[in-house]
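Novice: Residue numbers (our numbering), protein chains in the order written: chain A, 1 to 412; chain B, 413 to 824. Quick reminder that beta carbons are idealized off the backbone N, C-alpha and C, glycines included. This structure is in structure tokens; I'll ask about it shortly.
Number of protein chains: 2
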Amino acid sequence: MTTEDQRGPDIEAGTPTPTSGDVLTVPFVDAPIFTRPRALRPRGKVLPEHARSHNRALVLQTLYTSGAQSRADVARETGLTRVTISDLVADLIAEGLVVELGQREDARPGKPATLIDVDRAAFHIVGIDLSEHQRFVGAVVDLDGGIVSRAEVAHDGATGEAAVVLVTDLVRRLLASTTTPVLGIGVGSPGVVDPLGVVRSAPNLGWTDVALQARLQAEFALPVHVANDANVAVLAEHGSSHQDDLLLVKIGHGVGAGLIIGGRPVIGGGFAAGEIGHVVVGTDGGPRCACGKYGCLEAWLAVPRLTAQLDALDPDAPDAASARDDILREAGRRLGIVLAPVVGALNLSEVVLSGPAELLDGPLHAATVDTLRMRTMAEHNRDLRLRMTEQAEDVVLRGAAVMVLSGQLGVS
Amino acid sequence: MTTEDQRGPDIEAGTPTPTSGDVLTVPFVDAPIFTRPRALRPRGKVLPEHARSHNRALVLQTLYTSGAQSRADVARETGLTRVTISDLVADLIAEGLVVELGQREDARPGKPATLIDVDRAAFHIVGIDLSEHQRFVGAVVDLDGGIVSRAEVAHDGATGEAAVVLVTDLVRRLLASTTTPVLGIGVGSPGVVDPLGVVRSAPNLGWTDVALQARLQAEFALPVHVANDANVAVLAEHGSSHQDDLLLVKIGHGVGAGLIIGGRPVIGGGFAAGEIGHVVVGTDGGPRCACGKYGCLEAWLAVPRLTAQLDALDPDAPDAASARDDILREAGRRLGIVLAPVVGALNLSEVVLSGPAELLDGPLHAATVDTLRMRTMAEHNRDLRLRMTEQAEDVVLRGAAVMVLSGQLGVS
DNA sequence: GTTTGTTCGTAAGCTTTACTAACAAACGTG
DNA sequence: CACGTTTGTTAGTAAAGCTTACGAACAAAC
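The structure is reproduced here in structure tokens:
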């Protein structure tokens, strides 16, 4: 009943099992790949079939990012021979992942090329975002990251099992809304999520060791990937950014971060990488935080805190505008103070802010940049970019789709 | 004349070329490996020979870390078959990297096993540390990391080409001191070093874009690896620690850090990862730094700064001891303040301090731990360990050896 | 209209790699 | 001594990608 095939969609076969703990050790497929970066430790044997699946994913990735092209084009781009590409493409066509599009139009010497491309209409992905305040959001996403349809449900503070049921229902509604085969389900959850998709701890949802991945997979017999919301979000940004090092700061009801270093997501020893919301900022105190400490990043920067401060301003005061700017600037400065050591230690080239643009994309952003420049060594971080997300509201949804794409096809 | 063989030592053949830009993409040999971590992008094709060299390194790694054992033992540990192991081992024996040690002594049923092991006496490695104050230090290191012989030279502030010549002479002396074949030369340099071993910038040595790796390789016709001193040091610590995430803070004349995340060294977009010496600490000013800013980590923590402060104390004052402790504690607190965001963001499980133990291993260490605990979320960083290096003075030398070992044999 | 050169995709055969199956040698145990 | 176990090797097979070669289809030049 269950197949071992991790890569194939194999929807009609019933229960594709997204196996997690394989023995490989690469960057691609981290989708298995091979980089001889520098000093590393072989993590496990490599068999021919691993090489094959790597190359398979490489072809898929090439088509996915570069668009329709001939087999010969793919061969040139990947370095594999035309023969091997033809062979791999034949497999991919048989699996329904790739389609032939007919001959190339433009006039060139030689035999006209047969264009092939990923069949971008062949599959949909269900993406779920559990990080919004008071509601669960979901969408059907196509292979290009386009939102096909949406659904959401207020959870009204539901926790524990009730919240799991709400998530399940949301997924079911989304699955019912599409007749296209679904490649898998991706979920971005707040809290600490381990690589097996167990939500180790998500206080807001009252979850402790909830095996969300296993639950959803058993329920829907589809590949399911679950990860922390910010870690998921940074995947979406990574797709559009093509930077190998990337930090995304997600500012909402709480503050969290997602990190990609050397092209690979950072999970952390306790699976809590990116949890910077309760790091203390500066050495001059600060507002009391829900966690009991004073001056946590979240106490300075979380959206409710910011809006509360702004709402407290007298809108009719003569200096209302500048008072507003001061508040946002100070928040931005605090963010810069926390980020400076991280940017310095990792020599990051790109930092992305995600959250309400009306709050973040102005004095706050400017102050963060200034603070970062003033507190790190300009020489080393000359080309640091701090920018707003390009994905607006849907970072987590799209990131969830990328996670599935990457996990199932080795494509991002 | 030159061979393409990246793995074999091939000393007598003349000029082994440690090619840098191969097409692989893995975590092992990152030395080529294959981890299907999570969402990654295939970086290049994988050929059967890549798989072979991965497995070859795997065997070597297994023998290196687990010690003498039979081919069958290796087969069980790696998951490869006895046949394949025999085949790989035959290659390794032919290359002189592995030796047969005769039959196993202990009495067990069955045919007695023939023990094999890495020939730990077959090769030496030359390690160079350019990060010490006013002198260059070098050593001949055996494959187990033992120091065979040492040499050093005062550079008396020599810079530029003169400094390069001193390094070259130091290497020459060390090479002359051993008759054992040398696997390669590893150099830990201060400053920013790119993956090709070009020292992009090392102010103390007056170096800008010095192609040290190329120079030494041309001179000695041996594989050469050059990297930043702290990044090299963390390799040594990684070997003994067996943690996949590791931060080493090297406190000497300056302050720098080396990072390993997910088992792989972090280089940084501008090759300046770990350069945290000039990150500003706290929001309450601080001593003026050589770089012009106030309150840089280095201005708080560099050894000259600490000793200057301690020397200024009146040794006969009644509270001399507690005044000393206060100074060290404050320095430790500052370190904790800078590390907190990094530890939080990366969810690090282990941080190592390297430097003069009489300064670091006491109130300073304790204050850093306390500060880290107070400024991060205890729940996520419960099992964080902060410890002193186990390698004492020789971290960089041994790390340089590990770098060569890893680069040439895929072993660490 | 013909020739030339180019490009595409495929077919056949080779090499590399690791696997399974089988076995001889060498050893304990009953 | 017969039997079972373990080791390491031999022989043969399957998978993967490579090189070489070729037919088809086209543009450009004559």
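For the stretch 542-622 of chain B, which segments carrying the beta strand (DSSP E) assignment without a break, of at least 3 residues, lie completely within its bounds, in sequence order?
Specialist: Here the runs fully enclosed are 547-554, 559-566, 594-601, 611-614, 619-622.
Novice: Just confirm the distance between the C-beta atoms of G268/A and N759/B, as a whole number of angstroms; I'd bet it's less than 8 Å.
Specialist: Sure, about 3 Å apart at Cβ, within 8 Å.
Novice: What's the gap between the Cα of G707/B and the Cα of T695/B?
Specialist: For G707/B and T695/B, the distance between alpha carbons rounds to 9 Å.
Novice: Output the distance between the C-alpha atoms of E49/A and L97/A, rounded to the nearest integer angstrom.
Specialist: So the two alpha carbons sit approximately 19 Å from each other.
Novice: Below 9 Å on C-beta distance, what does V342/A contact in chain B?
Specialist: By Cβ distance, chain B contributes P753, V754, G756, A757, L758.
Novice: Please confirm if the stretch 625-633 of chain B is in contact with the stretch 669-686 of chain B, defined as three or more CB-CB distances below 8 Å between the two stretches.
Specialist: Because the criterion of three Cβ pairs below 8 Å is not met, the stretch 625-633 of chain B and the stretch 669-686 of chain B do not touch.
Novice: Can you look up Q655/B in the DSSP assignment and give me helix, strand or coil?
Specialist: Q655/B: coil per DSSP, three-state reduction.
Novice: Return the CA-CA distance between V667/B and P768/B, expressed in angstroms with no decimal places.
Specialist: C-alpha separation (whole angstroms): 12 Å.
Novice: Quick one: which unbroken alpha helix (DSSP H) runs of 4-plus residues sit fully inside the stretch 737-789 of chain B? Chain order, please.
Specialist: If we require 4 residues or more, the alpha helix (DSSP H) runs fully inside the stretch 737-789 of chain B come out as 769-772, 775-787.
Novice: Please go through the same chain and pick out, in chain order, the residues whose beta-carbon is closer than 8 Å to the beta-carbon of Q309/A, but skip the five residues on each side of it.
Specialist: Closer than 8 Å at the Cβ level, and outside the excluded window around Q309/A, lie I327.
Novice: Measuring only the C-alpha atoms, how far is D87/A from V74/A?
Specialist: Roughly 12 Å separates the two Cα atoms.
Novice: For Q61/A and N55/A, what's the separation of their Cα atoms in angstroms?
Specialist: Cα-Cα distance, rounded: 10 Å.
Novice: Starting from T719/B, trace the alpha helix (DSSP H) both ways and give me its first and last residue.
Specialist: Per DSSP, T719/B belongs to the alpha helix (DSSP H) from 715-723.
Novice: Quick one: which unbroken alpha helix (DSSP H) runs of 4-plus residues sit fully inside the stretch 461-527 of chain B? Chain order, please.
Specialist: You should have 483-490, 494-506.
Novice: Which term fits H536/B, buried or exposed, when burial requires 16 or more other beta carbons within 10 angstroms of its beta carbon?
Specialist: H536/B comes out buried.
Novice: Start and end of the beta strand (DSSP E) containing R385/A?
Specialist: It spans 385-388 - the beta strand (DSSP E) in which R385/A sits, taken as one unbroken run.
Novice: In this structure, how does DSSP classify R288/A when only helix, strand and coil are distinguished?
Specialist: Strand, per DSSP.
Novice: For the stretch 575-603 of chain B, list every residue whose C-beta sits within 8 Å of some C-beta in chain A, in sequence order.
Specialist: Hits within the stretch: zero.
Novice: Checking contacts by CB at 8 Å: is A51/A closer than that to chain B?
Specialist: Chain B, which has a Cβ nearer than 8 Å to the Cβ of A51/A, makes this yes.
Novice: Cβ closer than 7 Å: which chain A residues qualify as neighbours of R787/B?
Specialist: Under the 7 Å cutoff, chain A gives V279, V280.
Novice: G276/A to H133/A, Cα distance in whole Å?
Specialist: The sequence given here has Ile at residue 276/A, not Gly. I276/A and H133/A: Cα-Cα distance of roughly 19 Å.
Novice: Give me the chain A residues within the contact set of K457/B, using Cβ-Cβ distance strictly less than 7 Å, ordered along the chain.
Specialist: Per Cβ cutoff of 7 Å: N55, L58, T78, G79, L80.
Novice: Could you name the residues of chain B that T283/A contacts, counting a contact when the two beta carbons are closer than 7 Å?
Specialist: Ordered by position in chain B, the residues that pass the 7 Å Cβ test against T283/A are G694, T695, D696, I749.
Novice: Can you name the start and end residues of the alpha helix (DSSP H) that V280/A belongs to?
Specialist: Run containing V280/A: none; DSSP gives neither H nor E here.
Novice: What is the rounded straight-line gap between the Cα of V153/A and the Cα of I749/B?
Specialist: In a straight line, the C-alpha of V153/A is about 41 Å away from that of I749/B.
Novice: Check each candidate in P203/A, D245/A, V303/A and name the one with the smallest Cα separation from A685/B.
Specialist: Checking every option, the nearest Cα to that of A685/B belongs to D245/A.
Novice: Which residues bound the alpha helix (DSSP H) around L47/A?
Specialist: Careful: L47/A lies outside any alpha helix (DSSP H) and carries neither H nor E.
Novice: Buried or exposed: D795/B, going by 16 or more other Cβ atoms within 10 Å of its Cβ?
Specialist: So D795/B ends up on the exposed side.
Novice: Between H253/A and chain B, is there a C-beta pair that is closer than 8 Å?
Specialist: No, because no Cβ of chain B sits closer than 8 Å to the Cβ of H253/A.
Novice: Check whether chain A comes within 8 Å of D485/B, counting only Cβ atoms and requiring the distance to be less than that.
Specialist: D485/B does not count as touching chain A.
Novice: With three or more beta-carbon pairs closer than 8 Å as the criterion, would you say the stretch 222-233 of chain A touches the stretch 399-406 of chain A?
Specialist: Counting Cβ pairs under 8 Å, three or more are found: they touch.
Novice: Looking at G550/B and A570/B, is the spacing between their C-beta atoms short of 8 Å?
Specialist: Cβ distance not < 8 Å, so A570/B and G550/B don't count as in contact.
Novice: Output, in chain order, the set of chain A residues within a Cβ distance shorter than 8 Å of D795/B.
Specialist: The answer, in chain order, is G269, G270.
Novice: Hey, is S761/B's beta-carbon within less than 8 Å of any beta-carbon in chain A?
Specialist: It does; some Cβ of chain A falls within 8 Å.
Novice: Can you round the beta-carbon distance between L660/B and A645/B to whole angstroms, since I take them to be within the 8 Å contact cut?
Specialist: Confirmed, Cβ separation roughly 5 Å.
Novice: Using a Cβ distance threshold of 8 Å, determine whether the stretch 714-730 of chain B contacts the stretch 352-370 of chain A, with at least three qualifying pairs required.
Specialist: No, the stretch 714-730 of chain B does not touch the stretch 352-370 of chain A.
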